[in-house]
Amino acid sequence: MDVNPGDRWQNPETCADTSGGPPEAGGRHPRRLISALGGTAVFVVMAAAFGLVIGLGRGGPAPGQPPAAQVSPTVTQTAAATATPYPGKPIAPPYTPPPTAQITSTVTAPAPLIVTYDPSQQMTVTSPVRYVVRNYQGVLVGTVTVDQAAAANGVLASPDGSKLLIGSRLVFDVYGHLLSDLYTAADVSALVQPIWADDSEHLCGITYNDDAGVVTGALLEFSASVGYRTVADLGPLDGSDQGWSVLACSPSSDRAVVWQSDNSQSEYLVIRFSTGQVVATHPGSTSDQGPGAARHDGSLVAIDGAYGITILDTATGQDLASVARWGGLGGNDLIGEALAFSWDGSRLLVESDIAQGGPRWIVAWADDTDLVTDQTLISLGAVIPLTSGATMFIQETGSPYGAYFLENDGTLQTLPAES
Numbered sequence: 114m115d116v117n118p119g120d121r122w123q124n125p126e127t128c129a130d131t132s133g134g135p136p137e138a139g140g141r142h143p144r145r146l147i148s149a150l151g152g153t154a155v156f157v158v159m160a161a162a163f164g165l166v167i168g169l170g171r172g173g174p175a176p177g178q179p180p181a182a183q184v185s186p187t188v189t190q191t192a193a194a195t196a197t198p199y200p201g202k203p204i205a206p207p208y209t210p211p212p213t214a215q216i217t218s219t220v221t222a223p224a225p226l227i228v229t230y231d232p233s234q235q236m237t238v239t240s241p242v243r244y245v246v247r248n249y250q251g252v253l254v255g256t257v258t259v260d261q262a263a264a265a266n267g268v269l270a271s272p273d274g275s276k277l278l279i280g281s282r283l284v285f286d287v288y289g290h291l292l293s294d295l296y297t298a299a300d301v302s303a304l305v306q307p308i309w310a311d312d313s314e315h316l317c318g319i320t321y322n323d324d325a326g327v328v329t330g331a332l333l334e335f336s337a338s339v340g341y342r343t344v345a346d347l348g349p350l351d352g353s354d355q356g357w358s359v360l361a362c363s364p365s366s367d368r369a370v371v372w373q374s375d376n377s378q379s380e381y382l383v384i385r386f387s388t389g390q391v392v393a394t395h396p397g398s399t400s401d402q403g404p405g406a407a408r409h410d411g412s413l414v415a416i417d418g419a420y421g422i423t424i425l426d427t428a429t430g431q432d433l434a435s436v437a438r439w440g441g442l443g444g445n446d447l448i449g450e451a452l453a454f455s456w457d458g459s460r461l462l463v464e465s466d467i468a469q470g471g472p473r474w475i476v477a478w479a480d481d482t483d484l485v486t487d488q489t490l491i492s493l494g495a496v497i498p499l500t501s502g503a504t505m506f507i508q509e510t511g512s513p514y515g516a517y518f519l520e521n522d523g524t525l526q527t528l529p530a531e532s
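Those letters in the sequence shown? Residues 114 to 532, per this note's numbering, in order.
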C-alpha cells in the first residue's frame, strides 16, 4: 500500500489500532510503504530503538534527557542547512523549519523512565496531547504535554524514556528542552524516519537516492545533539518494491541490522557499526510479509513468514525456534507478525492483522508459551520493554486503563491505579 509521505507518522504505534487517537509513546509505525522519488518505495517500520519501546493500541509519542558528549571522530558537525547530503544528491535549497513544537513537562525524575499516552484524556481537535511518565518502579513521576500538531507528526521515545524524537526531526529531552534538529544534518527530502539506537543517545536512519532510476541508499548515524556520519552505503536495488528498514542499531555491540527488499525478495544485512562492513547476510521472507523485528543489539531477528515467525541467530545463521499465532477481526484469521523483543531477547511481542489491531500475544519463544494475551487483559495496549532483563510494561487501552509489569519470572504485577 502506497502512502502519502505526509501520512508517515499519523499512527506510529504498531499498526495496532487505526481507529483514532495519537500514537502510543515510543510507538511503532504501521507496516506501510512510503512513496519515494521516481516511484521507489521505502519501507518504514518505526520501532523505538528497534523493538525496545513499542506502543500498541490507541495512543501517542514519547520522552528524553540530555545526550552524551561523546561523538565519533568522523561525525559531521551540523552547523547549517547546507550540510553535505548523501553523495550524488543535489544540495537542497535552504530549509526553513516550522515553528518549534510546543512541549511542557512536569518531570524531574532521572531516567530510565516509561512514557505512554494517557488514554483517559478527553481529546478535541485542538487540545494538546498528554503523556504520563513513570519510573521503573511503576510510580507516576510527571506528565509531558505536546502540541497536537506536533504529536500528529509522530513522537518516538528513546529506549530509556529520556528523549523524544518528534516528527522525525526534532529531538527533545523528557524535561521539555530542545536538543537538536536532525533536518539540518541531511537532505530534508530524502531522510527516512530515524529510529533510536539502544544507547538512547544516537539515532539511525536511511537516506536514499534514485538518480537515473537507480535506487541507492545510505545508513546514517546521528548524535542526538551534535551531528551525523554515514555508516554504510546500501543498494543499488531493482524492481518495484525496493526499500530498507533499520531494525537494530547498537553502538555498544558494534552492530546494525538492516532489512532490504528488492523485487519482492528480502534479506537481512548485519553491519559492523564502526566500519560499515556487511559481516553477514540472511535471507528474509517475501517483502509483503514485512521486516519483522530484531533484538536491540541485533543478535536475534524475528522473520515474518506466511506460516509463522522464525527466530534467527544473526551470528551463526541458525534458526532457533518458530512461533505461529493466528487471529484477526471479522472472522478472517491472519498470521501473527513480530513487533518487538524484550531487552534480553527471551520474549516476543506478536500481533495479527496489524492494520486493524488484531489479537496480540507476548510469547516466551524458546518454549512457545503465551505469557500474556489480549484475553488475559482488557486490551494488550502499550507494551514497553524495560532496558534490562525480560520485564515489560503494559498499559491497557480500555477503561479502567490498568497498568502492569510482566516480570522477569513471568508473573503479571498490577500497578496501583494512583501510580
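Virtual Cβ for every residue (Gly too), placed ideally from N, Cα, C.
inquiry  = Between which residues of its own chain and D375 is the CB-CB distance below 7 Å, once the five residues before and five after are set aside?
reply    = L350, D351, G352, Q355
A262: first and last residue of the uninterrupted alpha helix (DSSP H) it sits in = Per DSSP, the unbroken alpha helix (DSSP H) holding A262 starts and ends at 261-265.
DSSP state of D481 mapped onto helix, strand, coil = D481 carries a coil assignment under DSSP once its states are collapsed to helix, strand and coil.
inquiry  = Less than 8 Å between the C-beta atoms of G441 and L433, yes or no?
reply    = Between G441 and L433, the C-beta gap is not smaller than 8 Å, which leaves the two residues out of contact.
key: Best match in V252, V246, N266, F285 for proximity to S313 [C-alpha to C-alpha]   = F285
inquiry  = Just to confirm my understanding: we take P203, look at its own chain, exclude 5 residues before and 5 after, and list those with CB closer than 6 Å. What are they?
reply    = Residue placement at P203 cannot be trusted, given a pLDDT of 39 that sits under 50; what the coordinates show is reported in the next sentence. Cβ within range, chain order: n/a, list empty.
request  = Have a look at T500 and H409 and give me their C-alpha separation to the nearest angstrom.
outcome  = Straight-line spacing of the CA atoms in T500 and H409 works out to 9 Å.
key: Pairwise C-alpha distance: G397 and G515   = 37 Å
key: Local conformation of L360 per DSSP, three classes   = strand
Euclidean distance between Cα positions of G405 and S412 = 14 Å
inquiry  = Give me the DSSP bridge partner(s) of P225.
reply    = Partner(s): none; P225 has no beta bridge.
request  = Report the three-state DSSP secondary structure of Y296 (helix, strand or coil).
outcome  = helix
key: Per-residue burial, V252 [other beta carbons within 10 Å of its own, 16 or more giving buried]   = exposed
key: Where G326 sits in the DSSP three-state scheme   = helix
task = Take Q390 as the anchor and find which of D323, W478, D346 has the nearest alpha-carbon.
result = Of the listed residues, the one whose Cα sits closest to Q390 is D346.
ask   = Going by DSSP, which residues form a beta bridge with R282?
value = According to DSSP, R282 bridges with nothing at all.
inquiry  = According to DSSP, simplified to helix, strand and coil, what is Q526?
reply    = strand
task = Please list, in chain order, all residues of the same chain as G523 whose beta carbon is under 6 Å from its beta carbon, the five residues on each side excluded.
result = L484
task = Kindly give me the distance between the Cβ atoms of V242 and V259, rounded to whole angstroms, as I take these residues to be in contact under 8 Å.
result = 5 Å
query = Among the residues of its own chain, which have a CB less than 6 Å from the CB of P472, if the five just before and after it don't count?
reply = Around P472: G440, S465, D487.
request  = Assign D401 to one of three DSSP states: helix, strand, or coil.
outcome  = If DSSP states are grouped into helix, strand and coil, D401 belongs with the helices.
key: Simplified DSSP assignment, three categories, for L499   = coil
inquiry  = Just verifying my parser: in three-state terms, what is the DSSP assignment at G251?
reply    = Of the three classes helix, strand and coil, the one that applies to G251 here is coil, per DSSP.
inquiry  = Here's the rule I'm using: 16 or more other beta-carbon atoms within 10 Å means buried, otherwise exposed. How should Y296 be labelled?
reply    = It is buried - the Cβ of Y296 has at least 16 other Cβ atoms within 10 Å.
inquiry  = Short of 8 Å in beta carbon distance, which residues of its chain neighbour D231, apart from the five on each side in sequence? Order them along the chain.
reply    = Cβ neighbours of D231 beyond the five flanking positions: R243, Y244, V245, T256.
task = Just mark L519 as buried or exposed, buried being the case when its beta carbon has 16 or more other beta carbons within 10 Å.
result = buried
query = Can you tell me whether DSSP reads R145 as helix, strand or coil?
reply = With a pLDDT of 30 at R145, under the threshold of 50, the modelled position of this residue cannot be trusted, and the question is left open.
query = Can you tell which of I279, H290, V328 has its C-alpha closest to the C-alpha of L316?
reply = I279
message = What residue range does the beta strand (DSSP E) around G494 cover?
response = Looking at the DSSP string, G494 is not in any beta strand (DSSP E), and its letter there is neither H nor E.
ask   = According to the Cβ coordinates, are Q306 and G289 closer than 8 Å?
value = At the C-beta level, Q306 and G289 stay beyond 8 Å of one another.
key: Q250 Cβ short of 7 Å to the ligand MN heavy atom set   = By its list of ligands, the structure shown contains no ligand whatsoever, and the ligand MN lies outside what it can speak to.
query = In terms of DSSP beta bridges, what is Q355 paired with?
reply = DSSP lists no partner for Q355.
Buried or exposed (CB count within 10 angstroms, at least 16 for buried), V344 = buried
ask   = What's the call for G494, buried or exposed, on a 16-neighbour Cβ count within 10 Å?
value = buried
request  = Pull up the DSSP beta-bridge partners for D426, would you.
outcome  = The beta-bridge partner set that DSSP reports for D426 consists of L413.
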